[in-house]
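Asker: Can you keep this structure in mind? I'll have questions shortly.
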Amino acid sequence: MKFKSPKLLFTVNCLLLIVFALPAVAADGLVPCSGPNCTVCSFLQLISNVIMFIVRDITAPLAGLLFLIGGIMMVSAGGSEARLKKGKEIFKNTAI
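If you want it as structure tokens, here you go:
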């Protein structure tokens with residue numbers, strides 16, 4: 015099956031991902047306490063929640079996107095050494 019408009023398919027997939035993924039991420043709160051009964055443990059839990067949010071919800075998808083971009087650059091290089099080298103550099107820097 016060949017799609018006539020891959021840009022439209024990509025856009026629709028991205029919109030569906032945003033619509034269905036954001037409510038799931040927004041369901042959890044970063045602040046573990048509510049009201050005036052917060053303690054030092056609540057503050058430490060907040061710091062832990064923020065770090066886990068950055069690692070789990072931002073870094074991993076960003077790395078996947080960079081691997082995708084590097085792979086597309088390498089595949090579409092078509093003999094261009096500069097594009098092939100740039101794709102390999104993106105792969106290397108993302109892995110580090």
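Heads up, the sequence shown is in the working numbering, so the first residue is 15 and it goes up one at a time.
Heads up, the beta-carbon is just placed ideally off N, CA and C, and yes, glycines get one too.
#1: Starting from Thr-108, trace the alpha helix (DSSP H) in both directions and tell me its first and last residue.
#2: Could you give the first and the last residue of the continuous alpha helix (DSSP H) run that contains Ile-86?
#3: Find the nearest neighbour of Ala-109 within the set Cys-52, Gly-93, Thr-73, Val-89, judged by alpha-carbon distance.
#4: Hey, could you find the ends of the alpha helix (DSSP H) Val-64 is sitting in?
#5: Distance check for Cys-47 and Met-88, CA to CA, integer angstroms please.
#6: DSSP three-state call for Asn-51: helix, strand or coil?
#7: With a Cβ-Cβ cutoff of 8 Å, do Gly-84 and Ile-104 count as a contact?
#8: Please report the straight-line C-alpha distance between Cys-28 and Leu-22, rounded to a whole angstrom.
Answerer: Judging by the given coordinates:
#1: The residue labelled residue 108 in the question sits at position 94 within the sequence shown. First-last of the alpha helix (DSSP H) with Thr-108: 95-109.
#2: Translated into positions along the sequence shown, residue 86 becomes position 72. From DSSP, the alpha helix (DSSP H) with Ile-86 extends over 74-89.
#3: Counting from one through the sequence shown, the residue named residue 109 turns up at place 95. Checked all of Cys-52, Gly-93, Thr-73, Val-89; the closest Cα to Ala-109 is Thr-73.
#4: Taking the sequence shown and counting its residues from 1, the one referred to as residue 64 is at position 50. Run containing Val-64: 54-66, per the alpha helix (DSSP H) assignment.
#5: One-based indexing of the sequence shown puts residue 88 at position 74. One-based indexing of the sequence shown puts residue 47 at position 33. If you take the alpha carbons of Met-88 and Cys-47, they lie about 48 Å apart.
#6: In the sequence shown, the residue the question calls residue 51 occupies position 37. Looking at Asn-51 - three-state DSSP - the assignment turns out to be coil, as it is neither helix nor strand.
#7: In the sequence shown, the residue the question calls residue 84 occupies position 70. In the sequence shown, the residue the question calls residue 104 occupies position 90. Their beta carbons are under 8 Å apart, which means Gly-84 touches Ile-104 by this criterion.
#8: Counting from 1 along the sequence shown, the entry for residue 28 is found at position 14. Counting from 1 along the sequence shown, the entry for residue 22 is found at position 8. About 10 Å.
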